[in-house]
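Protein sequence lines correspond, in order, to chains A and B. With the first letter of the first sequence counted as 1, position 410 gets the number 409 in numbering that gives the first Met the number 0; the numbers rise by one all the way through. With the first letter of the second sequence counted as 1, position 314 gets the number 313 in numbering that gives the first Met the number 0; the numbers rise by one all the way through.
Protein chains: 2
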Amino acid sequence: MNHRRGGAPCAPRGGSFSPMNVPELAAAAKAASRTLAASSRETRDRALAAMEDGLRAAAAEIFAANEADVAQARADGLAAPLLARLGFGEKKLEGVLEGIRSLRALPDPLGAVSLRTELAPGLVLERVSCPIGVVGVVFESRPDALVQISSLCLASGNACLLKGGREAARTNRALFEAIRAATEAAGAPAGWIALLESREDVAAMLACDRDIDLLIPRGSNAFVRHIQESTRIPVMGHSSGLCHLYLDASADPAMAAKIAVDAKTQAPSTCNTVETLLVHRDAAAALLPPVCAALAAKGVALRGDAESRAVVPSMDPATDADWDEEYLDLVLSVRVVGSLEEAVAHVNAHGSHHTDAIVAEDRAAAERFIAAVDSADVFWNCSTRFADGFRFGLGAEVGISTGKLPPRGPVGLDGLCTCKWVLRGSGDTVGPFADGDRRFTHKQLPLS
Amino acid sequence: MNHRRGGAPCAPRGGSFSPMNVPELAAAAKAASRTLAASSRETRDRALAAMEDGLRAAAAEIFAANEADVAQARADGLAAPLLARLGFGEKKLEGVLEGIRSLRALPDPLGAVSLRTELAPGLVLERVSCPIGVVGVVFESRPDALVQISSLCLASGNACLLKGGREAARTNRALFEAIRAATEAAGAPAGWIALLESREDVAAMLACDRDIDLLIPRGSNAFVRHIQESTRIPVMGHSSGLCHLYLDASADPAMAAKIAVDAKTQAPSTCNTVETLLVHRDAAAALLPPVCAALAAKGVALRGDAESRAVVPSMDPATDADWDEEYLDLVLSVRVVGSLEEAVAHVNAHGSHHTDAIVAEDRAAAERFIAAVDSADVFWNCSTRFADGFRFGLGAEVGISTGKLPPRGPVGLDGLCTCKWVLRGSGDTVGPFADGDRRFTHKQLPLS
Numbered sequence: 000m001n002h003r004r005g006g007a008p009c010a011p012r013g014g015s016f017s018p019m020n021v022p023e024l025a026a027a028a029k030a031a032s033r034t035l036a037a038s039s040r041e042t043r044d045r046a047l048a049a050m051e052d053g054l055r056a057a058a059a060e061i062f063a064a065n066e067a068d069v070a071q072a073r074a075d076g077l078a079a080p081l082l083a084r085l086g087f088g089e090k091k092l093e094g095v096l097e098g099i100r101s102l103r104a105l106p107d108p109l110g111a112v113s114l115r116t117e118l119a120p121g122l123v124l125e126r127v128s129c130p131i132g133v134v135g136v137v138f139e140s141r142p143d144a145l146v147q148i149s150s151l152c153l154a155s156g157n158a159c160l161l162k163g164g165r166e167a168a169r170t171n172r173a174l175f176e177a178i179r180a181a182t183e184a185a186g187a188p189a190g191w192i193a194l195l196e197s198r199e200d201v202a203a204m205l206a207c208d209r210d211i212d213l214l215i216p217r218g219s220n221a222f223v224r225h226i227q228e229s230t231r232i233p234v235m236g237h238s239s240g241l242c243h244l245y246l247d248a249s250a251d252p253a254m255a256a257k258i259a260v261d262a263k264t265q266a267p268s269t270c271n272t273v274e275t276l277l278v279h280r281d282a283a284a285a286l287l288p289p290v291c292a293a294l295a296a297k298g299v300a301l302r303g304d305a306e307s308r309a310v311v312p313s314m315d316p317a318t319d320a321d322w323d324e325e326y327l328d329l330v331l332s333v334r335v336v337g338s339l340e341e342a343v344a345h346v347n348a349h350g351s352h353h354t355d356a357i358v359a360e361d362r363a364a365a366e367r368f369i370a371a372v373d374s375a376d377v378f379w380n381c382s383t384r385f386a387d388g389f390r391f392g393l394g395a396e397v398g399i400s401t402g403k404l405p406p407r408g409p410v411g412l413d414g415l416c417t418c419k420w421v422l423r424g425s426g427d428t429v430g431p432f433a434d435g436d437r438r439f440t441h442k443q444l445p446l447s
Numbered sequence: 000m001n002h003r004r005g006g007a008p009c010a011p012r013g014g015s016f017s018p019m020n021v022p023e024l025a026a027a028a029k030a031a032s033r034t035l036a037a038s039s040r041e042t043r044d045r046a047l048a049a050m051e052d053g054l055r056a057a058a059a060e061i062f063a064a065n066e067a068d069v070a071q072a073r074a075d076g077l078a079a080p081l082l083a084r085l086g087f088g089e090k091k092l093e094g095v096l097e098g099i100r101s102l103r104a105l106p107d108p109l110g111a112v113s114l115r116t117e118l119a120p121g122l123v124l125e126r127v128s129c130p131i132g133v134v135g136v137v138f139e140s141r142p143d144a145l146v147q148i149s150s151l152c153l154a155s156g157n158a159c160l161l162k163g164g165r166e167a168a169r170t171n172r173a174l175f176e177a178i179r180a181a182t183e184a185a186g187a188p189a190g191w192i193a194l195l196e197s198r199e200d201v202a203a204m205l206a207c208d209r210d211i212d213l214l215i216p217r218g219s220n221a222f223v224r225h226i227q228e229s230t231r232i233p234v235m236g237h238s239s240g241l242c243h244l245y246l247d248a249s250a251d252p253a254m255a256a257k258i259a260v261d262a263k264t265q266a267p268s269t270c271n272t273v274e275t276l277l278v279h280r281d282a283a284a285a286l287l288p289p290v291c292a293a294l295a296a297k298g299v300a301l302r303g304d305a306e307s308r309a310v311v312p313s314m315d316p317a318t319d320a321d322w323d324e325e326y327l328d329l330v331l332s333v334r335v336v337g338s339l340e341e342a343v344a345h346v347n348a349h350g351s352h353h354t355d356a357i358v359a360e361d362r363a364a365a366e367r368f369i370a371a372v373d374s375a376d377v378f379w380n381c382s383t384r385f386a387d388g389f390r391f392g393l394g395a396e397v398g399i400s401t402g403k404l405p406p407r408g409p410v411g412l413d414g415l416c417t418c419k420w421v422l423r424g425s426g427d428t429v430g431p432f433a434d435g436d437r438r439f440t441h442k443q444l445p446l447s
């Protein structure tokens, strides 16, 4: 195979970052993805180890680039939380290096056989995991995301085109160049990773539906929807995170308060934060006072329906619009429901199919909730904030999908894989089966 | 949950088939899908058994309706092969009933745990299979497809909206009504299946992106592309089937001829039929004469490149356009390649990522081909015609997907399922992990 149909491998060059345009980068990534798809675990592990070493060796350049980005952002008046996300020093470097090591400790996502069937004697079918191919990711201004995404792609045998936040341009360039040089020197195919730098590059990427297999946009609801409506490439992601916490009639009040506080306040601006609290009518009088007091003590503004305000009159009144609002802030809407089924109906109608949780001592009630809620993540007696690829043990995540088709939920190594069907025979033809001379056995064989 | 938010369950009614419009049918299907998602294997099996009994009981009405469809089609001058596909008599009925029984013999596709991880003591994550939800299928004029699709959907807990071919309208109506009445009487939720009858209904379905989770259009390339470009609902399927057979330098000539004849002539108008034959240069002189003779004896018109015509001069010359053409007829293009890698590059560049096969005695060569060809199905020493959900042991198929994301290849029960992540805790919150007071164990637990 020709690994360089797009031309020379990309390399940084002053103002214009690469001598290749986006379609050429996408074609080069496609060619590289063919090699990665057939690569061994050892080859990918060697490249991941080189990525770790290369980033460590380039630490001084990376930190200097980041200081310049931060200084510029400060001069531009960027808010303090965003400045903190933009910063990339020793501690964040150690964090991403540990992430790379954790990926190497996970089982190989490629070549896993999930179905093995003897169709007839001598004719054996396998469904085998393989990479998706070329993934385009547009991510926010946190530079550690670049390392996480590229290491996940490399470990799963995918080529990638990356576009980071404008504020982190210098840091991303330094990280990218360290990763590219180290991995290609260690045997990763040239062009497997490319960095895009402008909005025009993103627009150009949307047209590369022949070479790019999947787009993962991370960012605002409006941005994700814009991408979905502007390309023929499959788009994975979530445009909103409207998560619920339902307190069952059987909920323990102390546990309910503890989980509600964590799910609302541990990181209020994230997509897996709870926006609406539903409470079973039979326990509203017992649950709402302690739960609301704990939330109010953490500075959460509560907006209740009439029935919940009858129990906790200090809440502001909620309007119908509150049930569909993702606050991303220390605000929580509260509603009393007559049954678990009413809670499920509310979640399925108003939620974003991201993450929804039940607090209940009644196991049967919890299992009914789990079966009936149509969301990527459904939790029992724990905080919605656990919905995250790293916390799930996936190494990291490139995004969280709220679509119905796989990959669904936090997308880590497995989510970056698809499958192919491999049939091995010994001269078998369909004719004898159609004529009745041979019969299918369809015998399931052991997977290992 | 409210199972009937769309109104009364649909029922046949003279000219206008249902008192509900398409958005109402889609909403009713969504409500029914919530019930199906939480249904037990026993409930679904009972409904499948009732489907079988109901179809048998309605056989006379179904055959009469089909005779009327066939008479009309004959009067309209439909071609003989299409008339044969439209016919639905005793033998086809027995075939679809056997298909329903085979689905009941397969393992339950729902509730299967594919990953189980202890995140920390007392906090266990599972990835569990669940239905996609509501599936819209537009299929061709073969009435048996209606039974296959609806039984696959029911067995996998999905609700469905079906639109069949215009020529089979009476047969489809009879089949649908028998299925609907029998399954609902046996406990399937009202509205789980709906029949659409007009082009306007299909257009209306494309707008139901809130309630329909997946569209599966079957038909011409142009039709599938039209659907893909006209909806925000995910679309699964294939717009073409340009399959290859590669004869390696190590291929056995007799096996090569046998497989080539089956892959080209066993059913020339199907999507898994071979359209291009690639032959390794080192074996062209040994392989092409017997293979081409066997194909010509079956009436196949051969179009060769210059190098293959040097070996078999009786072939017509191929043009560049031949490498991208899906003949769906007894025509085959033939090309000599210099290496296995050149064959792979041709397949990846010109193929439709559907099904491609290698004939080789050299196992290592076969495995290189399997790893490098980027298609849903990759076969060794057997005919491409095996690419089919029934032959794969999936019970049947609703379609074949050539997209990269799952489901890929023939889509049967498993392909109609997605997953949800279920996390069960005992009051766990993220705060202590962020503060360093608790640590993730990420211990893989046994799946059963």
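Where is the CB? At the ideal position from N, CA and C, for every residue including glycine.
Check                                                                                                                                                                            : Outcome
Between GLY164/A and the rest of its own chain, which residues show a CB-CB distance below 6 Å, the 5 nearest in sequence each way excluded?                                     : GLU139, SER140
Quick one: residues in its chain with C-beta nearer than 7 Å to the C-beta of ALA67/A, no 5 flanking neighbours on either side, listed in chain order?                           : ARG169
Please list, in chain order, the chain B residues whose beta carbon lies closer than 8 Å to that of GLN265/A.                                                                    : THR428, VAL429, GLY430, ALA433
Ignore the nearest five residues each way along the sequence and tell me which others in GLY298/B's own chain have a CB closer than 6 Å to its CB.                               : LEU329
If you follow the beta strand (DSSP E) that CYS152/A is part of, which residue opens it and which one closes it?                                                                 : Here CYS152/A belongs to no beta strand (DSSP E); instead the alpha helix (DSSP H) covers 143 to 154.
Using a beta-carbon distance below 8 Å, is ALA37/B in contact with chain A?                                                                                                      : yes
Quick check: the Cα distance between ARG50/A and ALA177/A, rounded to an integer number of angstroms?                                                                            : Position check: residue 50/A holds Met in this sequence, whereas Arg was assumed. So the two alpha carbons sit approximately 8 Å from each other.
Near PRO409/A, which residues of its chain fall below 7 Å by C-beta distance, leaving aside the five closest residues on each side in sequence?                                  : ALA386, ASP387, GLY388, PHE391, LEU393, GLU396, ILE399
For ASP434/B, which of helix, strand or coil comes out of DSSP?                                                                                                                  : coil
Are the CB atoms of ASP210/B and LYS403/B within a distance shorter than 8 Å?                                                                                                    : no
If we count the other Cβ atoms within 10 Å of its Cβ and call it buried at 16 or more, is ALA309/A buried or exposed?                                                            : exposed
Leaving aside the five residues before and after ALA203/A along the sequence, list all residues of the same chain whose C-beta is less than 6 Å from its C-beta, in chain order. : VAL21
Cutting at 6 Å between CB atoms, please list the residues of its own chain near PRO431/A, excluding the five before and the five after it.                                       : ARG437
Using a Cβ cut-off of 8 Å (strictly closer), state whether ASP212/B contacts chain A.                                                                                            : yes
For ILE226/A and PHE87/A, what's the separation of their Cα atoms in angstroms?                                                                                                  : 28 Å
So what's PRO18/B in DSSP terms, helix, strand or just coil?                                                                                                                     : coil
Ignore the nearest five residues each way along the sequence and tell me which others in ARG407/A's own chain have a CB closer than 6 Å to its CB.                               : ALA375, SER400
To the nearest angstrom, how far is it from the Cα of THR318/B to the Cα of GLU166/A?                                                                                            : 52 Å
Taking CB distances under 8 Å as the criterion, tell me whether HIS441/A reaches chain B.                                                                                        : yes
My understanding is that LEU102/B touches LEU151/B, with C-beta atoms under 8 Å, so please give their C-beta distance in whole angstroms.                                        : 7 Å
Taking the CB atoms as reference points, tell me whether VAL335/A and SER313/A lie closer together than 8 Å.                                                                     : no
For ALA363/B, return the contacting residues in chain A, with the cut-off set at a CB-CB distance below 8 Å.                                                                     : What ALA363/B touches in chain A: nothing, since even the nearest Cβ is about 12 Å away.
Please state whether DSSP places LYS91/B in a helix, a strand or coil.                                                                                                           : helix
Ignore the nearest five residues each way along the sequence and tell me which others in TRP420/B's own chain have a CB closer than 6 Å to its CB.                               : ARG126
Alpha helix (DSSP H) containing GLU325/A: first to last residue?                                                                                                                 : Premise fails: GLU325/A is in no alpha helix (DSSP H) and is neither H nor E.
Determine the chain B residues that contact VAL421/A at a beta-carbon separation under 7 Å, and present them in chain order.                                                     : ILE369, VAL377
Who are the neighbours of GLY402/A on chain B, taking C-beta pairs under 8 Å?                                                                                                    : PRO233
How long is the line joining the alpha carbons of CYS270/A and PRO252/A, rounded to whole angstroms?                                                                             : 25 Å
Any C-beta of chain C sitting closer than 8 Å to the C-beta of ARG384/B?                                                                                                         : Absent here is chain C; the protein component of the structure consists of chains A and B.
Can you list, in chain order, the residues of its chain with a C-beta nearer than 7 Å to that of SER249/B? Leave out the 5 residues immediately preceding and following it.      : ALA359, GLU360, ASP361, ALA364
By alpha-carbon positions, which one of LEU47/A, LEU118/A, ALA285/A, ALA300/A ends up nearest to GLY156/A?                                                                       : LEU47/A
Can you tell me the Cα-Cα spacing of VAL234/A and PRO216/A, whole angstroms?                                                                                                     : 8 Å
Give me, in chain order, the residues of the same chain whose beta-carbon lies closer than 7 Å to that of TYR326/A; leave out the 5 immediate sequence neighbours on both sides. : GLU274
Just confirm the distance between the C-beta atoms of LEU339/B and LEU276/B, as a whole number of angstroms; I'd bet it's less than 8 Å.                                         : LEU339/B to LEU276/B, Cβ: 15 Å. No contact.
My understanding is that SER382/A touches ILE258/A, with C-beta atoms under 8 Å, so please give their C-beta distance in whole angstroms.                                        : 5 Å
Indicate whether at least one CB of chain A lies closer than 8 Å to the CB of GLU93/B.                                                                                           : no
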